[in-house]
DNA sequence: AGGGTTGGCTAATAGGCTTAGCTTATAGCT
DNA sequence: AGCTATAAGCTAAGCCTATTAGCCAACCCT
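Protein chains in written order, with our numbering: chain A, 2 to 192; chain B, 2 to 192.
Put into C-alpha cells, the structure is as follows:
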C-alpha cells in the first residue's frame, strides 16, 4: 500500500480549500482526511489537534492576505493606496471566504501574531501617506482596521443583501475614509 | 422527583449566561443542561437542536442590543445620538461578549431578521439627524454599521491589546464618524 | 380524585476527536 | 543490492457531544 505523501503544508492546504468551498465550520478532521484520501488518524502524524489545524489555517490566511495587501499597495500613496488596500482586502475575502473566516476571532496566539502583524503593517503603511499626527496614529489605524474588517465580516456573513450596490457601498466607504483621514492630516488636534 | 420547571426562555437564558461567562463556543447542549441541573436530552422538550438554540440566543442578543440602542438614543440627535449609540453598543459588547458573539455570522434567518432589523433601524435613526442625501443613505448606514461592528468584533476577539487607550480610540472613532457624516450632510454629491 | 398532557429520565445510536500500537513503505547507508 | 531505522498510514478503541425513542411520573384541569 503506497503512501499518500502528506505533509503539514498539504494538510493545511486541503483545510483551506475545504474552508473556502464549504465554510470554516466544515473544516473538520474527518472531512480533511476524506479530501486527502486518507483515514482520519493519519492526520495526527502531521498535526497535533484540530485546534492547531485551525490556527495554521488562520496563519496561512493572514499571511496570504498580508502579501496581497503589500502587493496591491506597492508604489501607491494616499487615496490610491487606501483604495488599493481596501479592494485587495475585499477581493481576498470574496475569493477565500473560508480562509478569511478562519482569521476572525483568532487574532491572539504566538504564531499568528507574526502573520497578522504584516496585515496591520500594510494598513499602517497606507496611513503613512496621510501624515497623521503621531498622537492620532494608533486611533486612525484601529479605525481603519475596524471599518474594513467590519465590512468584510458583515458581507461574509451575508448580512447585507447581496445586491450589486454592495460594490457601490464599498467605494463610498473608501471615499468616506479618505476624506476623513485627509482632514486629520493637518489638524493634529487630539480628542 | 420534582420537575425543574424549564421553559424555552429559561433554556435560552442559561445559554446566554454560559456564553458570556465561558464564550459562545462553550454553548453546548451538555453544558447548558448541566447548568440547569438537568440531563441533556431533557432540553429537547423545549428546543429542537443546538443550531436552533444558537439562533434563539442570537435573536435574544439582537433584541437586547436593539432595545439598548433605542433607549440610549432616545431624545438625542446628531453627534449626541451617534455617540450614545456607539457607546451603548460597546457597553453591550463588554457586558455580554458571548451574546454579542452569537449574533456574528448569523445575520441571516427569518426570526433573527426582525430582531436585527431593530438594531439597523436604530442606526438609521441616528443617521437621520445628519440629513444625508437619499442616494447616500444606504451607503452611510452600511459604513456606520461596518465600523461599529468591526471595532466591536476586533475588541471582542482581543485583537487590540486591551490597553486603557482602547477607550480613547473608540472616542476618536466616534469623532471621526461624526465629522465625516456631518460633511456629507450638505453636499449631496454621490460617488 | 382522576385523567390526559407533558417534562424529565434512561438507553441507545451516530459521528467527531484523539490515543495506542501495529505494519510496512521508504530514505539512507554500506 | 541489501539492511536498517524512521516514520507514514492503518485498525481498534475510548471519550464526548448531539440526537432519537420510549418510559414514567409530576402537574393541570375538572
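Cβ coordinates follow ideal geometry from the N, Cα and C atoms, glycine included.
Small disclaimer: the values here were computed from a predicted structure and weren't measured.
Are the segment 47-56 of chain A and the segment 68-87 of chain A in contact at 8 Å, needing three or more beta carbon pairs?
no
By the criterion of Cβ-Cβ separation under 7 Å, what are the contact partners of residue 66 of chain A in chain B?
Those do not exist, as residue 66 of chain A stays about 14 Å from chain B at its closest Cβ, beyond 7 Å.
Could one say the Cβ of residue 133 of chain A lies closer than 8 Å to chain B's Cβ atoms, at least one of them?
no
For residue 100 of chain B, is the classification buried or exposed, using 16 other Cβ atoms within 10 angstroms of its Cβ as the cut-off for buried?
Note on residue 100 of chain B: 16 or more other CB atoms within 10 angstroms of its CB, so buried under the neighbour-count rule.
Here's the rule I'm using: 16 or more other beta-carbon atoms within 10 Å means buried, otherwise exposed. How should residue 52 of chain A be labelled?
exposed
For residue 60 of chain A, does the count of other Cβ atoms within 10 angstroms reach 16, so buried, or fall short, so exposed?
buried
Less than 8 Å between the C-beta atoms of residue 102 of chain B and residue 54 of chain B, yes or no?
no
Return the chain-ordered list of same chain residues with a C-beta closer than 6 Å to the C-beta of residue 132 of chain B, the five sequence neighbours on each side being excluded.
186
Please list, in chain order, the residues of the segment 165-185 of chain A that have any C-beta partner in chain B closer than 9 Å.
166, 167, 169, 170, 171, 172, 173, 174, 176, 177, 178, 180, 181, 182, 184, 185
Would you list, in sequence order, the uninterrupted alpha helix (DSSP H) runs of no fewer than 4 residues that lie entirely inside the segment 9-81 of chain B?
9-23, 30-37, 51-74
Check whether the segment 137-153 of chain A and the segment 146-155 of chain B are in contact - that is, three or more C-beta pairs closer than 8 Å.
yes
Would DSSP call residue 192 of chain B helix, strand or coil?
Low confidence applies to residue 192 of chain B: its pLDDT is 43, below 50, so where it sits in the model is not reliable, and the reading given next is rough at best. Looking at residue 192 of chain B - three-state DSSP - the assignment turns out to be coil, as it is neither helix nor strand.
Quick one: what's got a C-beta closer than 6 Å to residue 130 of chain A's C-beta in the same chain, skipping five residues either side?
78, 79, 82
State whether the segment 57-71 of chain A contacts the segment 114-131 of chain A, with contact taken as three or more CB pairs (one from each stretch) at a distance under 8 Å.
Contact holds: three or more Cβ-Cβ distances are below 8 Å.
Would you say residue 41 of chain B reaches chain A, if we count a Cβ-Cβ gap shorter than 8 Å as a contact?
No, because no Cβ of chain A sits closer than 8 Å to the Cβ of residue 41 of chain B.
Distance, Cα to Cα, residue 114 of chain A vs residue 156 of chain B?
Taking the straight line joining both Cα atoms gives about 15 Å.
According to the neighbour-count rule (16 or more other Cβ atoms, all chains shown, within 10 Å of its Cβ), is residue 1 of chain A buried or exposed?
One cannot answer for residue 1 of chain A here, as it falls past the ends of chain A, which runs 2 to 192.
Identify which residue in B:56, B:93, B:87, B:42 has its Cα closest to the Cα of residue 125 of chain B.
B:87
Is the beta carbon of residue 105 of chain A sitting closer than 8 Å to the one on residue 167 of chain A?
Result no, Cβ atoms of residue 105 of chain A and residue 167 of chain A do not sit closer than 8 Å.
Taking only three categories from DSSP, how would you classify residue 3 of chain A?
coil
By the DSSP assignment, the alpha helix (DSSP H) with residue 101 of chain A in it spans what residues?
Note, residue 101 of chain A: alpha helix (DSSP H), 98-104.
Can you give me, in chain order, the residues of the segment 87-100 of chain A that have a beta carbon less than 8 Å from any beta carbon in chain B?
With the criterion set as a beta carbon lying under 8 Å from some beta carbon of chain B, the segment 87-100 of chain A has no members that meet it.
Here's a check: name, in chain order, each residue in its chain whose Cβ is nearer than 7 Å to the Cβ of residue 178 of chain A, leaving out the five neighbours to either side.
83, 145, 148
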